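Before any comments, here is the structure.
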Ligand code: AMP
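In my numbering, the protein residues as written are 1 to 280.
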């Protein structure tokens, strides 16, 4: 695996690969890699000739400085994991490399309020920063395929909207959420959970499954409240539990069998904020 720290070095390599007609699939990450990330690398390897991952903890998408400071970083371990999964190229830019001037702003988009609900309500500025870095990385890497996880459902929905509105030529592919044996979605943040909260955290998936199996038995708002209560009673603190339209992310007060819905949740397990979702 080749590792590049600079845009210039990476572009030189990619220009040469492109001139040979090789296709590129890109997996952007913030590091502290786990099997969830590796499932995306595997998709990238299947889709294209070259799989490229980036590790960049993007400061502009952290509204909480403490979260940014404590974000787990372990580049050497990450490199070994990527190598094991036959990732071809790793891009590990510095902040200066990604934001050489303050000219690089979030693209102007009509987000239809999709950035203001759920995560957007609790993490002001998060999606603006996320779109800013994804656009910048796409400009640098210019991949044919962009591989992202369903785990961050609102994130991938907004990236899809950006690709549509800016008519970018990249094809977005969504990878399923990879879970621990007890159902907890894998996340870089899980390694910061203390053992007691780690055990309790499986309630998040259990509540999502409860929601899925009781969709036709309860009113949406009652079901949301009940699932939030299940999580709270297990010792976590639910920030939101919402059943939303899979495309618009708007809350539904009634639904029909034709509706495509997703249940999304954020909850605090002690000091650690976890998110998850399930297609209903
Ligand atoms: P992150 O490093 O947390 O920014 O995540 C990088 C990419 O990995 C994003 O597209 C995430 O949605 C995806 N991802 C994170 N956790 C998982 C998981 N458990 N299963 C599948 N994809 C994931």
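We put the CB at the ideal spot given by N, CA and C, even for glycine. Since the structure is predicted, the reported quantities are computational estimates derived from the model, not experimental observations.
Just to confirm, does residue 185 get its C-beta within under 6 Å of one of the non-hydrogen atoms of the ligand AMP? Yes, Cβ of residue 185 sits closer than 6 Å to a heavy atom of the ligand AMP.
Are the CB atoms of residue 118 and residue 264 nearer to each other than 7 Å? In this structure, residue 118 places its C-beta atom within 7 Å of the C-beta atom of residue 264.
Quick one: measure Cβ to Cβ for residue 34 and residue 186, integer angstroms, because I've assumed they're closer than 8 Å. 5 Å between Cβ atoms; contact.
Restricting to runs no shorter than 3 residues, where is the beta strand (DSSP E) found entirely within the segment 67 to 102? With a minimum length of 3 residues, the continuous beta strand (DSSP E) runs that stay inside the segment 67 to 102 are 89 to 91.
Name the two residues that bound the continuous alpha helix (DSSP H) containing residue 4. Per DSSP, residue 4 lies in no alpha helix (DSSP H); the unbroken beta strand (DSSP E) holding it starts and ends at 2 to 4.
For residue 272, which residues of its own chain have a beta-carbon under 6 Å away from its beta-carbon, when the five flanking residues on both sides are left out? Contacts found: 189, 192 and 193.
Taking 8 Å as the threshold, find out whether the segment 244 to 261 comes into contact with the segment 122 to 130 through three or more Cβ pairs. In short, these stretches do not touch, since the Cβ pair count stays below three.
Residue 170 and residue 143 - do their beta-carbons sit closer together than 7 Å? Contact flag set, yes.
Going by C-alpha to C-alpha distance, which of 14, 21 and 36 sits closest to residue 52? Considering only alpha carbons, the answer is 14.
Sheet register partners of residue 174 (DSSP bridge): Answer is 148.
On the criterion of 16 or more Cβ atoms from any shown chain inside 10 Å, does residue 133 qualify as buried, or is it exposed? Buried: at least 16 other Cβ atoms inside 10 Å.
Does residue 156 come out as helix, strand or coil in the three-state DSSP assignment? Looking at residue 156 - three-state DSSP - the assignment turns out to be helix.
Who pairs with residue 25 in a beta bridge, going by DSSP? BP columns for residue 25 point to 51 and 145.
Could you check which residue in 167, 258, 239 and 82 has the C-alpha nearest to that of residue 274? Selected option, being the one with the closest Cα: 239.
Between residue 97 and the rest of its own chain, which residues show a CB-CB distance below 8 Å, the 5 nearest in sequence each way excluded? Exclusion of the five residues before and after residue 97 leaves 5, 6 and 7 as the residues of its chain whose Cβ lies within less than 8 Å of its Cβ.
From the DSSP output, in three-state form, read off residue 62 for me. Coil.
Would you please state the rounded distance, in angstroms, between the beta carbons of residue 82 and residue 41? I believe it to be under 8 Å. A Cβ-Cβ separation of about 7 Å places residue 82 in contact with residue 41 under the 8 Å criterion.
Give the straight-line distance between the Cα atoms of residue 211 and residue 39, rounded to the nearest whole angstrom. Counting only the Cα atoms, residue 39 lies some 26 Å from residue 211.
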